[in-house]
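Residue numbers (this note's numbering), protein chains in the order written: chain S, 14 to 417; chain C, 837 to 1149; chain E, 21 to 196.
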């Protein structure tokens, strides 16, 4: 057993038992971040704050929500929205944050792709990030079921039908997932469980992994420069903060993060109070009705690009293309054959690949929402082919990339 | 300023995506109609100036209105209770006490002359096929028919409560509430559901509602939806333009043109907001305060960053 | 040396025993996700086929799914007879032919709408079309509307039971 002395203060008492000083040093004041970064490096903190908003608002929604097919809709739209003090606020925050979190995730992802932050030892950061993306997608989908409106019901119907695997016709699997022939009580209850317990647990664990994965390779910087963190940190600690290439996580990096968070929250709360329809689809304010499909069924905007990859093809090809789209981003660190971990602007053909991919995904997103009529069907079809083509081309164009 | 340039790029891509999935996609999915201001331009105007006294005689006498309609303010109760009336006519004929201030005068005149035409349900009621509208046409009481119609309209306007006295709730109940329930305020098609002491009484009331709904569903083809959340699911613009001309959006629907005047339409919307979006005032108020706070928050964050980074550059 | 290799073996054996337990637990978890017996048992709907009118689509409900019943007019039945793919989809009850299908698009499960003038179904979700017997006429749906298990019982049709006509349809691949 370690030797304990009589504590001189509460701080000392804690320090002897929890080594709080060491923790603070390792996690905050001597956790080194490159200085050469821009505001896009704050997206991780923005995501953490948004996740916290989701968690807190979710806790209060949980107090009055009823996971019962007869009560769910009214418990949300009447009890929470109109009776519970500030219940409407939690719901608006929760709904808007669920949508905005994906905007930030996409910005965070494309930042990583642009600056090559998935290479040279940073592969696990990318993979854990993609796992988070999948977990957030599952969380968003399961949460979307809970108000039990028309879009909840029909999104649940259409998405669980995907598991029939087209010609495989695995109806048994679909019924197993639903616990019924159609989305009903068993379905709502199990998605409630997933949404409030299992998936959040997974997300919290994955966030830990994502942070942990950053530890050894360190955060990338704007120029992909390899920094000798120990030497630069020594310079910083010696007081030469100006010429050191690193800054401390707390307060240096944190103060910049908070500035970005402040600006982000202005945008966020504007949406919460004055512009929420994009995140809370009006159609979902109609109660679920299994005998009446809404005129248009579309997923939330952040799933549209992968939905559109499914849509223009016949069922089986569509499902294969869809499965391709779900896993291909995981493989990015291995499909990119170039050793250059520098911004896309300095990477030959990859520069064009990056912008083509971004624009193609925006086109897919737009086409995924509009009705499947011409010319949208054709545009969507070619955009889906382009998406697949770009990924197939990636190893070849990066293989011949010159050393930057 | 490289950082500002990056911000512009991120913002532009975000806004383009937003534009495509929201305004653009919705313009492709839904037809958009502008309100005609409840002018009912397709109906001929009332040409004669009505006289309320003569109108009263017609309404009570030759017009035979009170055979089906009650007029409570004039001491005329409804000839049948709502459930029996719905069994006979499909829907309970409205009490006419406030019809003069809820419905447009021109619409009322045309309704008296030819209900199916004014209500835009001629596809459902074709006399040639023996499908008669439950409200019979008025063929005149022997004099100038246009004058008689104008007199009756004038009478209905003279007895109706006006302005502030006509509450949003009253307007909703007359204009929408005989077909549409609104359970967030306990409204059923036969009136507000009272609090019952005995379970038997409550079940008896519920049975009446269900009987009424059965008649109504048979008459309309389907049970008209509960409107509790319509202000959020459809929005004010859709509701206004829909009640002006339901056929625009839903060709062949059994929903009649409602015929409310612009003022009554506003009141109906207000009532729908009171029921489906009752916290809207609080939301706007709190919203303003939070925006002010969060801007101050951002300013302090900015100042802190400047202080910390002073030593770093 | 001997001791440590023995520990190695026991360690592996312990791992295997733990693995058996994990598999058992997984099986229990899988079973908990299964549809309940009460859900599975509730599932027989009897339709009185004499109540339907020509070319008027009626939507019934069976196991929470919409069931389309469309009584064929004489001309529709004649048109169907000219096309073997159509006629074998119809169910004969008494003297009349009926289309009885699960009213969910075989693409992704939306409910198609019926246009009685054009005698065809259109699924608004992805634009799939079916004719008046439920046979697919325009992709993306991979096949015609599915026919629920049925048994003809005089003038009645029992959904959920497999009669000889239904078994024949399954054998010939008319429905899945």
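Just so it is clear, CB atoms sit at the ideal spot from N, CA and C, and this is done for glycine as well.
Beta-bridge partners assigned by DSSP to residue 117 of chain E: E/112.
In the three-state scheme derived from DSSP, where H, G and I count as helix and E and B as strand, residue 1013 of chain C is classed as coil.
By the neighbour-count definition (other C-beta atoms within 10 Å, threshold 16), residue 868 of chain C is an exposed residue. Within a 10 Å sphere around the beta-carbon of residue 83 of chain E sit 16 or more other beta-carbons, which makes this residue buried. Taking residue 136 of chain E as reference, the option from E/166, E/90, E/70 with the minimal CA-CA separation is E/90. Not a single C-beta of chain C is nearer than 9 Å to the C-beta of residue 232 of chain S. Excluding its 5 nearest sequence neighbours in each direction, residue 193 of chain S has C-beta neighbours in its own chain below 7 Å: 199, 200, listed in chain order. Between residue 376 of chain S and residue 393 of chain S, the C-beta spacing is below 9 Å. Residue 70 of chain E counts as exposed, since fewer than 16 other beta carbons sit within 10 angstroms of its beta carbon. With a threshold of 9 Å between beta carbons, residue 1112 of chain C makes contact with chain S. The region 255-271 of chain S makes no contact with the region 88-100 of chain S, as fewer than three CB pairs between them are under 8 Å. In the structure shown, the three-state DSSP call for residue 863 of chain C is helix.
Contact between residue 172 of chain S and residue 154 of chain S holds, since their C-beta atoms are separated by about 7 Å, short of 8 Å. By the Cβ-count criterion, residue 879 of chain C is buried, with 16 or more other Cβ atoms from all chains shown falling within 10 Å of its own Cβ. DSSP places residue 19 of chain S outside both helix and strand once states are collapsed to three, so it counts as coil. Nearest Cα to residue 313 of chain S within the set S/111, S/74, S/37: S/111. Looking at the DSSP output, residue 1028 of chain C bridges to C/1023.
The region 1100-1119 of chain C makes no contact with the region 944-963 of chain C: fewer than 3 CB pairs, one atom from each, lie closer than 8 Å. In the DSSP assignment, residue 261 of chain S falls within the beta strand (DSSP E) that extends over 259-261. For chain S, the residues of the region 77-111 of chain E that bring a beta carbon within less than 8 Å of one of its beta carbons are 79, 81, 83, 84, 85, 86, in chain order. Secondary structure note for residue 320 of chain S: it is in no beta strand (DSSP E), and the uninterrupted alpha helix (DSSP H) holding it is 317-323.
Taking C-beta separations shorter than 7 Å and ignoring five residues to either side along the sequence, the partners of residue 939 of chain C in its chain run 1095, 1096, 1097, following chain order. The Cβ of residue 194 of chain S sits closer than 9 Å to at least one Cβ of chain E. For residue 149 of chain E, DSSP records a beta bridge to E/142, E/158. In the DSSP assignment, residue 91 of chain E falls within the beta strand (DSSP E) that extends over 85-91.
Inter-residue distance for residue 228 of chain S and residue 138 of chain S is about 10 Å (C-alpha atoms, whole angstroms). When the alpha-carbon of residue 358 of chain S is set against those of S/367, S/352, S/210, S/351, the nearest one is in S/367. Non-local C-beta neighbours of residue 135 of chain S in its own chain, meaning closer than 7 Å and more than five positions away in sequence, comprise 230, 233, ordered along the chain. With contact defined as three or more Cβ pairs closer than 8 Å, the region 79-91 of chain S and the region 283-296 of chain S are not in contact. In terms of Cβ geometry, residue 1026 of chain C and residue 919 of chain C form a close pair [threshold 9 Å]. For residue 133 of chain E, the enclosing beta strand (DSSP E) starts and ends at 133-135. With respect to residue 124 of chain E, residue 162 of chain E sits apart: the two C-beta atoms are not nearer than 9 Å. Using beta-carbon distances, residue 333 of chain S does not count as an interface residue toward chain C, since no partner is under 9 Å. Looking at C/1112, C/908, C/864, the one whose alpha-carbon comes closest to that of residue 1021 of chain C is C/1112.
When secondary structure is reduced to three states using DSSP, residue 131 of chain S falls in the coil class, being assigned neither helix nor strand. In the DSSP annotation of this structure, residue 230 of chain S is not part of any beta strand (DSSP E), being labelled neither H nor E.
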